[in-house]
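Visitor:
2 protein chains.
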Amino acid sequence: MPENRTGAVAPGRPRVDRPVLLGIIGDSAAGKTTLATGIARILGDQQVLIICSDDYHSYSRAERAERRITALHPDSNQIEILEQHLQLLRRNQPILKPIYNHKLGTLEPAQYLAPRPYIIVEGLLGYHTRAMRDCFDVKVFMEPDEALRIKWKLWRDCNLRGYTSEEAQDELKRREEDRLRFIQPQRTFSDIVINFYPPKNDDSETGAHLDVHHLLRPTLPHPDLSPLIEAGARNGLSLELCRDRDGKPVDVLGISGGISEEAAEGLENLFWEMLPEAPHMRNNHVGEFTDVDGESRISHPLVLTELLVAYHMVKAAHGIHAV
Amino acid sequence: MPENRTGAVAPGRPRVDRPVLLGIIGDSAAGKTTLATGIARILGDQQVLIICSDDYHSYSRAERAERRITALHPDSNQIEILEQHLQLLRRNQPILKPIYNHKLGTLEPAQYLAPRPYIIVEGLLGYHTRAMRDCFDVKVFMEPDEALRIKWKLWRDCNLRGYTSEEAQDELKRREEDRLRFIQPQRTFSDIVINFYPPKNDDSETGAHLDVHHLLRPTLPHPDLSPLIEAGARNGLSLELCRDRDGKPVDVLGISGGISEEAAEGLENLFWEMLPEAPHMRNNHVGEFTDVDGESRISHPLVLTELLVAYHMVKAAHGIHAV
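For the protein sequence lines, the chains are A and B, in the order given. Numbering of the first sequence is given in the numbering used here, commencing with residue 3 and proceeding in unit increments. Numbering of the second sequence is given in the numbering used here, commencing with residue 3 and proceeding in unit increments.
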């Protein structure tokens with residue numbers, strides 16, 4: 003194996019001759035776009051194409067209301083076309099991607115997109131069918147603490163999508179059934195479940211000091227995290243063998259939001275060292291997010307999350323996750 | 003060969019397991035839509051998907067004016083996506099087809115289309131690249147007499163597309179260069195060139211009494227037309243060996259617009275007999291077109307033209323034009 007002890011990608015290894023696909027799937031306002039943007043910054047914005055699977059909605063907001071169907075239901079999405087487009091992109095072909103205007107809730111003319119070396123697909127439905135799942139090299143499922151997700155969603159719908167507080171609350175209720183029926187069941191197909199949650203001592207936290215758990219399934223060859231764990235043990239970095247809610251054993255990587263600046267940077271350096279292309283990739287925007295006061299901030303647990311997923315993408319690009 | 007002397011398709015022969023594709027390419031107002039609609043009526047509207055390749059325009063009318071580019075230029079069309087969609091349809095896959103609103107000159111949200119047993123692609127650009135041409139089973143190029151085409155175009159642009167007479171004239175001039183550069187060169191790749199023209203004794207004819215020439219290239223196995231020619235000789239049906247304008251030998255089938263009702267019906271019956279599925283296919287709308295006075299009429303040369311092309315489609319569907 004062309005890897006060293008920590009699982010770093012060997013530099014100079016040739017790249018696979020097709021795009022590498024990452025899925026970031028999860029419910030509305032689960033942090034998918036923030037994560038996708040951060041990973042793209044690490045891999046290089048010019049190298050990455052981000053596609054929102056919600057662009058494949060078949061109906062406008064008004065048409066969904068008429069038909070009494072939610073945006074989460076597979077029947078209100080062009081599932082067959084999304085499958086086809088993922089297959090085309092994986093074969094290095096361009097697509098004519100539909101566009102859903104999230105602000106106005108309307109369908110717009112489709113847009114030509116050429117593939118890029120890395121493709122991130124983020125949205126509600128991405129692991130719904132076998133044909134879709136088979137297209138991804140790395141599958142992430144975003145599952146923040148539910149009370150936290152609701153705070154994020156209400157903030158966004160009211161501040162960025164023009165809903166009143168009442169409309170946004172109603173929308174949450176209307177979606178609940180389909181969320182459990184169609185979004186949640188996709189969790190089981192992911193390689194990594196990412197769960198941001200408020201620390202024990204502060205229920206009201208929604209931003210930079212959130213803790214995060216990564217549930218690591220053995221469907222991906224995760225890096226040997228022991229040097230990181232040793233370095234981070236006193237700073238709230240942990241790795242524990244746990245049972246998932248379905249009873250199956252998993253590794254849970256914990257990163258505390260209370261980590262000190264110094265310790266975080268030390269850990270981040272260790273992560274960067276695992277990425278052979280890292281010298282070109284480092285920048286000051288990794289881990290950036292918009293807090294619910296509208297301010298841009300950095301979260302260290304988010305930096306480490308982005309680095310871990312980016313690591314898997316670079317590894318897949320070098321053919322180490324052979325299919 | 004499972005064919006009888008006249009080249010009729012043997013009934014009961016199994017159908018190929020992919021859609022059969024017909025191209026009807028030519029300049030604006032060359033009669034493409036009329037021919038496509040007529041052939042679809044023969045093959046059965048439920049069996050046929052008609053796609054307009056002009057839906058793959060990249061720009062709205064306003065954007066083209068800004069960029070000083072015509073709709074005929076390959077750079078103002080999604081050529082790569084059109085190629086991909088033709089390949090997908092031929093493999094029996096659905097597509098998400100863009101839509102160009104011809105009346106308003108605007109791009110609209112794309113639409114899901116499932117393949118059907120017969121697919122007709124009509125428009126300006128369809129044989130521009132090798133990849134496109136390779137998708138068709140039968141390639142028709144529409145080339146009416148140029149003075150006649152201009153009459154048809156002016157009538158349509160002013161009566162159906164909201165242009166003033168001056169605007170329509172300007173548009174013709176603006177397109178002339180690209181017509182010669184991009185539309186005309188596609189002629190050479192067609193199996194059949196269809197040329198409607200006014201009879202010698204009436205230059206002003208634009209409808210039911212137009213004559214038609216079919217230039218039949220040896221790239222398709224044309225039916226043995228001798229029984230038809232014998233039956234039609236005294237009625238203005240002719241078959242002549244000619245030199246095409248490029249000097250290459252071709253067969254030219256001539257059908258006179260002055261043919262009598264009785265003779266036309268006799269000939270049409272002979273054609274119908276060559277189509278094993280014909281009993282299900284006969285209907286009263288074959289050969290229908292809208293004349294420049296806005297009235298719906300039947301043209302016998304058009305009926306025979308539609309039947310000849312439909313014959314090739316049925317033959318291809320039974321795998322007789324093996325690729």
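Glycine included, each C-beta is placed from N, C-alpha and C at the ideal position. Values in this document were obtained by computation on a predicted structure and should not be read as measured data.
According to DSSP, simplified to helix, strand and coil, what is isoleucine 231 of chain B?
Guide: Looking at isoleucine 231 of chain B - three-state DSSP - the assignment turns out to be helix.
Visitor: Closest Cβ-Cβ distance between tyrosine 114 of chain B and chain A: below 8 Å?
Guide: By this cut-off, tyrosine 114 of chain B is an interface position.
Visitor: What residues of chain B sit near glutamate 65 of chain A, judged by a beta carbon separation below 7 Å?
Guide: Chain B residues near glutamate 65 of chain A: none, gap ~11 Å exceeds 7 Å.
Visitor: So which residues on chain B does glutamate 340 of chain A lean against when the C-beta distance must stay under 8 Å?
Guide: Missing from the structure shown is residue 340 of chain A; chain A here goes from 3 to 325 and no further.
Visitor: Is it true that the segment 117 to 126 of chain B meets the segment 51 to 65 of chain B, where meeting means three or more beta-carbon pairs spaced less than 8 Å apart?
Guide: Yes, since at least three Cβ pairs between the segment 117 to 126 of chain B and the segment 51 to 65 of chain B fall closer than 8 Å, the two stretches touch.
Visitor: Quick check: the Cα distance between serine 55 of chain B and leucine 126 of chain B, rounded to an integer number of angstroms?
Guide: Their backbone Cα atoms lie some 7 Å apart in a straight line.
Visitor: Kindly say whether aspartate 29 of chain A, judged by its beta-carbon, lies nearer than 8 Å to any beta-carbon of chain B.
Guide: So, not an interface residue.
Visitor: Kindly list the residues whose CB is nearer than 6 Å to the CB of glutamate 275 of chain B, restricted to its own chain and excluding five residues on each side of it in sequence; keep chain order.
Guide: Cβ within range, chain order: n/a, list empty.
Visitor: Starting from proline 100 of chain B, find everything on chain A with Cβ-Cβ shorter than 7 Å and list it in chain order.
Guide: By Cβ distance, chain A contributes Leu98, Pro111, Ala112.
Visitor: By the 9 Å beta-carbon criterion, what residues does the segment 68 to 94 of chain B contribute toward chain A?
Guide: Hits within the stretch, in order: Gln80, Glu82, Ile83, Gln86, His87, Leu90.
Visitor: Are the CB atoms of serine 62 of chain B and threonine 131 of chain B nearer to each other than 8 Å?
Guide: In this structure, threonine 131 of chain B does not lie closer than 8 Å to serine 62 of chain B by Cβ.
Visitor: What are the boundary residues of the alpha helix (DSSP H) that phenylalanine 273 of chain A is part of?
Guide: Looking at the DSSP string, the run of the alpha helix (DSSP H) that includes phenylalanine 273 of chain A is 263 to 275.
Visitor: By a C-beta neighbour count over all protein chains shown, 10 Å radius and 16 as the cutoff for buried, is lysine 141 of chain A buried or exposed?
Guide: It counts as buried.
Visitor: Determine contact between the segment 208 to 219 of chain A and the segment 295 to 305 of chain A, defined as no fewer than three beta-carbon pairs at a distance below 8 Å.
Guide: Contact holds: three or more Cβ-Cβ distances are below 8 Å.
Visitor: The beta strand (DSSP E) that contains lysine 250 of chain A, what's its start and end?
Guide: Taken as a continuous stretch (DSSP letters only), lysine 250 of chain A belongs to no beta strand (DSSP E), as it is neither H nor E.
Visitor: Give the DSSP-derived three-state secondary structure of alanine 319 of chain A in the structure shown.
Guide: It is helical.
Visitor: May I ask you to list the residues that DSSP assigns as paired with isoleucine 27 of chain B?
Guide: Isoleucine 27 of chain B is bridged to B:Gly125, B:Phe143.
Visitor: Can you find the residues in the same chain that come closer than 7 Å, C-beta to C-beta, to proline 21 of chain A, ignoring five residues on each side of it along the sequence?
Guide: Within the same chain, proline 21 of chain A has close Cβ partners Leu91, Arg92, Asn94, Pro117, Arg118, Pro119, Tyr120, Ile121.
Visitor: Would you kindly check if the distance between the Cβ of glycine 238 of chain A and the Cβ of proline 146 of chain A is under 8 Å?
Guide: Their beta carbons are not under 8 Å apart, which means proline 146 of chain A does not touch glycine 238 of chain A by this criterion.
Visitor: Taking glycine 382 of chain B as the reference, which of B:Cys244, B:Asn103, B:Lys153, B:Tyr129 has the closest Cα?
Guide: The structure shown does not extend to residue 382 of chain B, since chain B is modelled only from 3 through 325, so no value can be given for it.
Visitor: Would you mind reading off the limits of the alpha helix (DSSP H) that contains glutamate 68 of chain B?
Guide: Run containing glutamate 68 of chain B: 63 to 69, per the alpha helix (DSSP H) assignment.
Visitor: Would you kindly work out how many angstroms separate the C-alpha atoms of alanine 319 of chain B and lysine 202 of chain B, rounded to a whole number?
Guide: When rounded, the distance between both Cα atoms is 38 Å.
Visitor: How long is the line joining the alpha carbons of lysine 155 of chain A and leucine 37 of chain A, rounded to whole angstroms?
Guide: So the two alpha carbons sit approximately 16 Å from each other.
Visitor: Quick check on the burial criterion: 16 or more other C-beta atoms within 10 angstroms. Buried or exposed for threonine 307 of chain A?
Guide: It counts as buried.
Visitor: With H, G and I counted as helix, E and B as strand and the rest as coil, what does DSSP make of threonine 8 of chain B?
Guide: Here threonine 8 of chain B scores only 49 on pLDDT, less than 50, and its place in the model is too uncertain to base an answer on.
Visitor: By DSSP, does alanine 112 of chain A sit in helix, in strand, or in coil?
Guide: In the structure shown, alanine 112 of chain A sits in a strand (DSSP, three-state: E or B).
Visitor: Would you kindly work out how many angstroms separate the C-alpha atoms of leucine 310 of chain A and aspartate 29 of chain B, rounded to a whole number?
Guide: C-alpha separation (whole angstroms): 56 Å.
Visitor: In its own chain, which residues sit with a C-beta less than 6 Å from the C-beta of isoleucine 41 of chain B, not counting the 5 before and 5 after it?
Guide: Result list for isoleucine 41 of chain B: Glu308, Val311, Ala312, in chain order.
Visitor: When you compare the CB positions of leucine 88 of chain A and leucine 23 of chain A, do they come within less than 8 Å of one another, or not?
Guide: Cβ atoms of leucine 88 of chain A and leucine 23 of chain A: closer than 8 Å.
Visitor: Return the chain-ordered list of same chain residues with a C-beta closer than 7 Å to the C-beta of arginine 43 of chain A, the five sequence neighbours on each side being excluded.
Guide: Answer for arginine 43 of chain A: Asn285, His287, Val288, listed in chain order.
Visitor: By DSSP, does alanine 324 of chain B sit in helix, in strand, or in coil?
Guide: Low confidence applies to alanine 324 of chain B: its pLDDT is 44, below 50, so where it sits in the model is not reliable enough to give any reading.
Visitor: Just the C-alpha distance for leucine 182 of chain A and arginine 176 of chain A, rounded to the nearest angstrom, thanks.
Guide: Their Cα atoms are separated by approximately 12 Å.
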